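All residue numbers for the sequence shown refer to this note's numbering, where the first residue is 178 and numbers rise by one. Cβ atoms here follow ideal geometry from the backbone N, Cα and C, with glycine treated the same way. Here the structure is a predicted model, which is why all the values come from computation and not from measurement.
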Amino acid sequence: MRPIISVVGKSDSGKTSLLERLIAELKQRGHKVAAIKHTDKDLEFDTAGKNSWRLGRAGSEVVALASPHQVAIMKQVERDLSPQELSRLIAWDYDLILTEGFKKANTPKIEVHRREQGQGLLCPPEQLLAVVTDEPLDVNVPQFSRDEVNKLADLIEGKLRTWREEGGPPQ
Numbered sequence: 178m179r180p181i182i183s184v185v186g187k188s189d190s191g192k193t194s195l196l197e198r199l200i201a202e203l204k205q206r207g208h209k210v211a212a213i214k215h216t217d218k219d220l221e222f223d224t225a226g227k228n229s230w231r232l233g234r235a236g237s238e239v240v241a242l243a244s245p246h247q248v249a250i251m252k253q254v255e256r257d258l259s260p261q262e263l264s265r266l267i268a269w270d271y272d273l274i275l276t277e278g279f280k281k282a283n284t285p286k287i288e289v290h291r292r293e294q295g296q297g298l299l300c301p302p303e304q305l306l307a308v309v310t311d312e313p314l315d316v317n318v319p320q321f322s323r324d325e326v327n328k329l330a331d332l333i334e335g336k337l338r339t340w341r342e343e344g345g346p347p348q
């Protein structure tokens with residue numbers, strides 16, 4: 178199983194911005210990273226009336242759209258899949274999968290916290306790998322500012338080494 182770390186936080190806390198910077202930092206360090214974004218909204222695969230949209234509407238379980246530089250795959254599912262189930266759908270070779278969302282998933286988490294959104298964290302401390310925050314919090318996990326993406330990447334690299342030595346990340 179590939180290592181999965183979920184970045185969680187309240188709406189508009191800065192999760193996507195953090196992920197953009199973290200992915201760029203990890204890529205610069207030579208890591209291959211995949212990203213999965215969780216949403217409660219239905220996904221639009223293609224514009225109504227276009228061929229891939231028509232094939233899906235006709236009942237195809239999977240529709241793939243391929244160009245010389247990109248591939249997009251839409252698969253019908255009967256329920257919300259976990260990050261671990263989604264990682265099995267990504268058949269390519271990555272060092273790490275970073276997800277945005279999946280607050281309830283059984284994955285190590287980095288929680289993004291902003292002072293103006295209130296004191297409480299969404300996740301219990303035992304699920305947290307770290308917190309990215311603009312104020313000190315009374316929680317016994319590493320805490321980083323938004324500007325310390327390099328230190329957060331150092332922590333992740335250390336965890337990746339540990340997980341490799343131990344035979345995989347926590348499930």
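Own chain residues within Cβ distance below 6 Å of residue 241, not counting five before or after: The residues 250, in chain order, have a CB closer than 6 Å to that of residue 241 in the same chain once the five nearest residues on each side in sequence are set aside.
Identify which residue in 258, 276, 254, 266 has its Cα closest to the Cα of residue 194. Ranking 258, 276, 254, 266 by Cα distance to residue 194 puts 276 first.
Quick check: the Cα distance between residue 232 and residue 266, rounded to an integer number of angstroms? Their backbone Cα atoms lie some 21 Å apart in a straight line.
Excluding the 5 residues flanking residue 311 on each side, which residues of the same chain have their C-beta closer than 8 Å to its C-beta? The beta carbon of residue 311 lies closer than 8 Å to those of 290, 291, 292, 322, 323 in the same chain, with the five residues before and after it left out.
Using a Cβ-Cβ cut-off of 6 Å (strictly less than) and excluding sequence neighbours within five positions of residue 330, which residues of its own chain qualify? If we look at residue 330 and ignore the five residues flanking it on each side, its Cβ neighbours are 202, 203.
Once you ignore the five residues that flank residue 346 on each side, which residues in its own chain have a CB closer than 6 Å to its CB? Here the set comprises 180, 340.
Give the C-beta separation of residue 271 and residue 209 to the nearest angstrom, bearing in mind that I take them to be a contact with Cβ-Cβ under 8 Å. So it is a contact: roughly 5 Å between Cβ atoms.
Whether residue 279 touches residue 260 by CB criterion (8 Å): Yes, the Cβ-Cβ distance between residue 279 and residue 260 is below 8 Å.
According to the neighbour-count rule (16 or more other Cβ atoms, all chains shown, within 10 Å of its Cβ), is residue 262 buried or exposed? Burial call: exposed.
What does the alpha-carbon distance come out to for the pair residue 318 and residue 344? Residue 318 and residue 344 have their C-alpha atoms spaced approximately 23 Å apart.
Helix, strand or coil for residue 288? Go by DSSP, reduced to three states. In the displayed model, residue 288 falls within a strand according to three-state DSSP.
Any idea what DSSP makes of residue 224, helix, strand or coil? Reduced to three states, the DSSP call for residue 224 is coil.
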